[in-house]
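Protein chains in written order, with UniProt numbering: chain A, 1 to 425; chain B, 1 to 286. Okay, so here's the structure we're looking at.
If you want it as structure tokens, here you go:
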């Protein structure tokens, strides 16, 4: 018995040592990312030409637990060579701790400046050092609808907030439900509502005030924040406006909520969500044709002086180890060639200006790219920039509390209390 | 005959309750199993219970989830990695723990009580707290991202509980055994291999299952210490990467759950006899 066990053990040890020594080979670049499933496949497609051309092997790990894994590895002193970061806030944290490589030391800055709009470069810069580059973006300020259902009901696409509310009232008068809204998302429930509030904030205050709000320069009980919540409540809290009433808003999964637009007859007519929701719609209704069966219009302006700003999220990369392979990789991913493959696969929008619009999979994506590039103002998803206790905590739950009927002032006070604590650190 | 009937009636309510509880218990797994055989469009359109309207309409069932899972995660390599991690990470700690448990139970040495108190204290240390320091040590030793590294990690995390469980069992063995063996001239090592190990088989089998399942199902430790590249990633890491970052394609997870469950299920059913015995082992001291 003992002999057997020790023999097995020895054999395993040997196999383990042998197989594990293989991947310690040099000429590789290790990359950590949040992409899994179809996104990981698209990532592998993007790096395939790079591997073929340079002979450098890309060791990619995709995990949805990126913040935990990355923080642990950075603290322990063996970060990946290059890592995707969930948001610029995280980049600043790492930059403050001196963990990031200044990309301007080896990148061709002139090319970068001509390829990227200043907004993107500014977002990746901390204290004069370029610490992160963006490869793609998702546009959030979109309202999805079914052109066929709109035509059948005699509805037209609204150009302002008032028109949108008037349209909603008209639908209610016709015995229809205008909005499909779902906030459930497991432990992250409520985030879909934060996007609403952020989009409304961008349309009711100066961009600088939005930035102040994100950095807690203005309080959560500020009138302007209150107004944004109230405008959101004008739709979300109206039992006649939302499919299934407010109870359903709290319990329907964000990915399932647009389904209501495509039932016969439609259970709802409009759905505000980012570009990525297209893949959910096509997954649930494979026969729908983008542009014909479903389309979007930009989330309309509210106060005319602020126009139609764009709210978005973006995929960024930062470099932790200054190796020649990592340098080459960073130079590759900012190129339009690399991003063309990536956005073409996923229907994301490229951050590079030189991207050929033909790489986008359909007209819908080209339209979104146009909205993004022509937007008067672009702002990053605010909840992603706030400390996670707020942006990934009390802001989310605050949305749920508000929709479930808790008094707005109490909701905002609760968020403010956590914010006072979170921003002090 | 009458006696039987009486017992059926007197036990009837109890049996009904037990069957009811068992049904509730098994319901989520049944739902998972049924979902794993449905196409993604069906999963999105209706709940799994709707198949009971036409349970024998076999056109509604499909194997495509299983096909996709097996293709996408590179099942061969992932299974091999999981086995390469799990088998040593089960054998090593149990080997060490059985020595240690025997020593704690039957050998006199200075500091025994003190060491045992430390051991019990280690039971309550959350392993998440140890990750950064342990990973630092692994980096110094150059074993981060290697199989031996994760064996050590699992050994360390498993030892306190395994020693504690085995100690309870082994210390319950009758002392006469040890007295008579040493009178017959057996060394402590002989007593251990000839008497303690064979007598503790049920307890060893049950801790083996515990440790095996824990390592088999582990995602966090593998992801942090080993990383997620295909060369080393175990099943759990590959499976968790099947779902998109917004939770798309979750129906693949239902099939993946059964793929990863297959081997532990066989193991569990095979060793079930010992398992039930082993849970009771050490709970009553004779």
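Backbone N, C-alpha and C define an ideal beta-carbon position, used for all residues, glycine too.
What is the DSSP secondary structure of residue 36 (chain B), reduced to helix, strand or coil?
-> helix
Interface partners of residue 262 (chain A) on chain B, CB under 9 Å = Going along chain B, no residue has its Cβ under 9 Å from residue 262 (chain A), so there is no contact; the nearest lies around 11 Å.
How about residue 39 (chain A): is its C-beta nearer than 8 Å to some C-beta of chain B?
-> yes
Looking at the structure shown, is residue 169 (chain A) part of a helix, part of a strand, or coil, going by DSSP?
-> helix
Range covered by the beta strand (DSSP E) that runs through residue 319 (chain A) = 310-319
What residues match up with residue 59 (chain A) in a beta bridge as DSSP calls it?
-> A:30
Buried versus exposed call for residue 272 (chain A) [16 or more other C-beta atoms within 10 Å across all chains shown] | buried
Residues bridged to residue 298 (chain A) by DSSP?
-> A:142
Determine whether the Cβ of residue 131 (chain B) lies closer than 8 Å to any Cβ atom of chain A.
-> yes
Residue 129 (chain A) - partner residues in DSSP beta bridges = A:126
If you measure from the beta carbon of residue 211 (chain B) to each beta carbon in chain A, is any gap under 8 Å?
-> no
In chain order, what residues of the stretch 41-66 of chain A put their CB closer than 8 Å to some CB of chain B?
-> 59, 60, 61, 62, 63, 64, 65
Residue 35 (chain A) in three-state terms, based on DSSP | coil
Hey, quick one: how far does the beta strand (DSSP E) through residue 79 (chain B) stretch, first residue to last?
-> Segment 75-106 is the alpha helix (DSSP H) holding residue 79 (chain B); no beta strand (DSSP E) there.
Give the range of the beta strand (DSSP E) segment to which residue 84 (chain A) is assigned.
-> 82-85
Residues from the stretch 279-302 of chain A in contact with chain B, defined by Cβ distance under 9 Å = 279, 280, 283, 284, 285, 286
Coarse secondary structure for residue 64 (chain A), derived from DSSP in three states | coil
Per DSSP, cross-strand counterpart(s) of residue 290 (chain A) | A:294
Residue span of the alpha helix (DSSP H) that contains residue 112 (chain B), given as start and end | 112-122
Three-state secondary structure assigned by DSSP to residue 200 (chain B) = coil
Consult DSSP for residue 23 (chain A) and reduce its assignment to one of helix, strand or coil.
-> With a pLDDT of only 46 at residue 23 (chain A), under the threshold of 50, the placement of this residue in the model should not be trusted; the figure read from the coordinates follows. Of the three classes helix, strand and coil, the one that applies to residue 23 (chain A) here is coil, per DSSP.
Residue 234 (chain A) versus residue 42 (chain B): straight-line alpha-carbon distance, rounded = 35 Å
Three or more beta-carbon pairs under 8 Å between the stretch 155-168 of chain B and the stretch 98-106 of chain B, yes or no?
-> yes
Alpha helix (DSSP H) containing residue 238 (chain B): first to last residue?
-> 235-240
Closest residue to residue 240 (chain A) among A:169, A:260, A:285, A:210 (Cα-Cα distance) = A:169
How is the alpha helix (DSSP H) around residue 284 (chain A) delimited, first residue to last?
-> 277-284
Output the boundary residues of the alpha helix (DSSP H) element that contains residue 379 (chain A).
-> First-last for residue 379 (chain A): 378-380, but that is the beta strand (DSSP E), not the alpha helix (DSSP H).
Excluding the 5 residues preceding and the 5 following residue 160 (chain B) in the sequence, name in chain order all residues of the same chain whose CB lies nearer than 6 Å to its CB.
-> 119, 122, 123
DSSP state of residue 192 (chain B) mapped onto helix, strand, coil = helix
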